[in-house]
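Reviewing the structure listed below.
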Amino acid sequence: GLVSAMRKISDRIHELSITAANGTYSAEDKVMIATEVAQYKEQLLAYSNSKDENDNYFFSGTKNSTQAFLMAPDGSVTYQGDQTAIFVEIGSGEKIRVNTIGSELLGNVSRTADDGSISKVSAFTMIDDFVTALNSNNSTNISRAMADAESFSNSLSKKQVELGLSQNSVANRLEIIEEKTILYKNILSKSVDTDYTAAITELSTNMLALEAAQSTFAKVSQLSLFDYL
1 GLVSAMRKIS
11 DRIHELSITA
21 ANGTYSAEDK
31 VMIATEVAQY
41 KEQLLAYSNS
51 KDENDNYFFS
61 GTKNSTQAFL
71 MAPDGSVTYQ
81 GDQTAIFVEI
91 GSGEKIRVNT
101 IGSELLGNVS
111 RTADDGSISK
121 VSAFTMIDDF
131 VTALNSNNST
141 NISRAMADAE
151 SFSNSLSKKQ
161 VELGLSQNSV
171 ANRLEIIEEK
181 TILYKNILSK
191 SVDTDYTAAI
201 TELSTNMLAL
211 EAAQSTFAKV
221 SQLSLFDYL
């Protein structure tokens, strides 16, 4: 999935930051590392602008016809979507979120300054800063890149857990609906109620409602939410 692919990138960047921080590596070695790191920015941008089968962008919020992230000629990357979370009710008042906003996913890298203050930077900025640090052989900022990459990996890991829990909720609800549908069908087939017409009407109505819900849940379980786990 997309989040898993992003996680691999963040883990690799973290690994490279540890390597670069090793005092045995020369300035020339770090320039070579910078070349690899820079490539991950392009990969991350491609993942963040992925589309579903209906040509909608995964990470643009409700502006799913708008490219999520745009890179300017100077290399800066900005988020083009909105901040709207989309929820779907799956029964008994329970709702699950079925979209992930790009700015939340890629704009929440925690960076701690020398004075202890914490700010948020994007994953793209993190990569740019790491590349600059490598090319200039700036050991302080190379060390900062380690913390940045670790923060990014932790953020993606948390998102994977959230998506997994939502997926389980949908699967459990769907199982309940399927069981109830079978039960109603059995009752209907064995009904000997004197008011048989009323029984058929009531049970048929319930079955239709359940089958409609079943169809809805089946669609929810196939939403992009679970494609990018």
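Position 163 (the sequence shown) corresponds to 163 in the UniProt record's numbering; numbering is contiguous.
For each residue, glycine too, the CB sits at the ideal point set by N, CA and C.
Here's a check: name, in chain order, each residue in its chain whose Cβ is nearer than 8 Å to the Cβ of K120, leaving out the five neighbours to either side. By 1-based counting over the sequence shown, the position of residue 120 is 120. If we look at K120 and ignore the five residues flanking it on each side, its Cβ neighbours are G107, N108, V109, S110, R111.
Fully enclosed by the stretch 57-142, which beta strand (DSSP E) runs are 3 residues long or longer? DSSP runs (the beta strand (DSSP E)) wholly in the stretch 57-142: 69-71, 77-79, 87-91, 94-97, 109-112, 118-121.
Need the endpoints of the alpha helix (DSSP H) that S51 sits in, please. Counting from 1 along the sequence shown, the entry for residue 51 is found at position 51. Note on identity: in this sequence residue 51 is Lys, with Ser being the wrong assignment. Here K51 belongs to no alpha helix (DSSP H), and DSSP marks it neither H nor E.
Assuming I13 and F124 are in contact, meaning their beta carbons sit under 8 Å apart, how far apart are those beta carbons, in whole angstroms? By 1-based counting over the sequence shown, the position of residue 13 is 13. By 1-based counting over the sequence shown, the position of residue 124 is 124. About 12 Å separates the two Cβ atoms, so there is no contact after all.
Which residue's Cα is closest to the Cα of L105: E53, S169, M146, L163? Taking the sequence shown and counting its residues from 1, one reaches residue 105 at position 105. Nearest option by C-alpha distance: L163.
Of all the options T35, R97, G81, N56, which has the alpha carbon lying nearest to the alpha carbon of K159? As a position in the sequence shown, residue 159 is number 159, starting the count at 1. Between K159 and the set T35, R97, G81, N56, the nearest pair of CA atoms involves R97.
What three-state label does DSSP hand S26 in the structure shown? For the purposes of this step, residue 26 is taken as the residue at position 26 of the sequence shown. Of the three classes helix, strand and coil, the one that applies to S26 here is coil, per DSSP.
Taking contact to mean at least 3 C-beta pairs separated by less than 8 Å, is the stretch 14-25 in contact with the stretch 47-62? At 8 Å Cβ cutoff, the stretches do not touch.
Suppose contacts are defined by Cβ-Cβ distances below 8 Å. Is K41 in contact with I127 by that definition? The residue given as residue 41 occupies position 41 in the sequence shown. The residue given as residue 127 occupies position 127 in the sequence shown. Yes. Within cutoff.
From I101 to Y79, what distance separates their C-alpha atoms? In the sequence shown, residue 101 corresponds to position 101, counting from 1. In the sequence shown, residue 79 corresponds to position 79, counting from 1. Whole-angstrom Cα-Cα distance: 10 Å.
What's the gap between the Cα of V31 and the Cα of N56? Here residue 31 is taken as the residue at index 31 of the sequence shown, counted from 1. Here residue 56 is taken as the residue at index 56 of the sequence shown, counted from 1. Cα to Cα, the separation comes out at about 38 Å.
What is the DSSP secondary structure of D55, reduced to helix, strand or coil? The residue given as residue 55 occupies position 55 in the sequence shown. Secondary structure of D55 (DSSP, three-state): coil.
Assigned secondary structure, G164 (DSSP; H/G/I helix, E/B strand, else coil): Locating residue 164 in the sequence shown gives position 164, counting from the first residue. Three-state DSSP puts G164 in a helix.
Backbone CA spacing between A20 and S151 [nearest angstrom]: One-based indexing of the sequence shown puts residue 20 at position 20. One-based indexing of the sequence shown puts residue 151 at position 151. Between A20 and S151, the C-alpha separation is close to 18 Å.
Return the chain-ordered list of same chain residues with a C-beta closer than 8 Å to the C-beta of T66, the five sequence neighbours on each side being excluded. In the sequence shown, residue 66 corresponds to position 66, counting from 1. Excluding positions up to five away in sequence, the list reads Y57, S60, Q80, G81.
Cβ-Cβ distance between A147 and N141 below 8 Å: Stepping through the sequence shown from its first residue, residue 147 is reached at position 147. Stepping through the sequence shown from its first residue, residue 141 is reached at position 141. Result no, Cβ atoms of A147 and N141 do not sit closer than 8 Å.
Give me the residue from S136, N172, S153 with the minimum Cα distance to K8. In the sequence shown, the residue the question calls residue 8 occupies position 8. K8 has its Cα closest to that of S153, out of S136, N172, S153.
Confirm, please, whether the CB-CB distance from S4 to A149 is below 8 Å. Within the sequence shown, residue 149 is the residue found at index 149, counting from 1. Within the sequence shown, residue 4 is the residue found at index 4, counting from 1. Cβ distance not < 8 Å, so A149 and S4 don't count as in contact.
Whole-angstrom distance between S122 and R144, CA atom to CA atom: Working through the sequence shown from its first residue, we reach residue 144 at position 144. Working through the sequence shown from its first residue, we reach residue 122 at position 122. Each residue's Cα considered, the two are about 14 Å apart.
If distances are taken between C-alpha atoms only, which option among Q83, N135, S157, T35 comes closest to T62? As a working mapping, residue 62 is identified with position 62 in the sequence shown. T62 has its Cα closest to that of Q83, out of Q83, N135, S157, T35.
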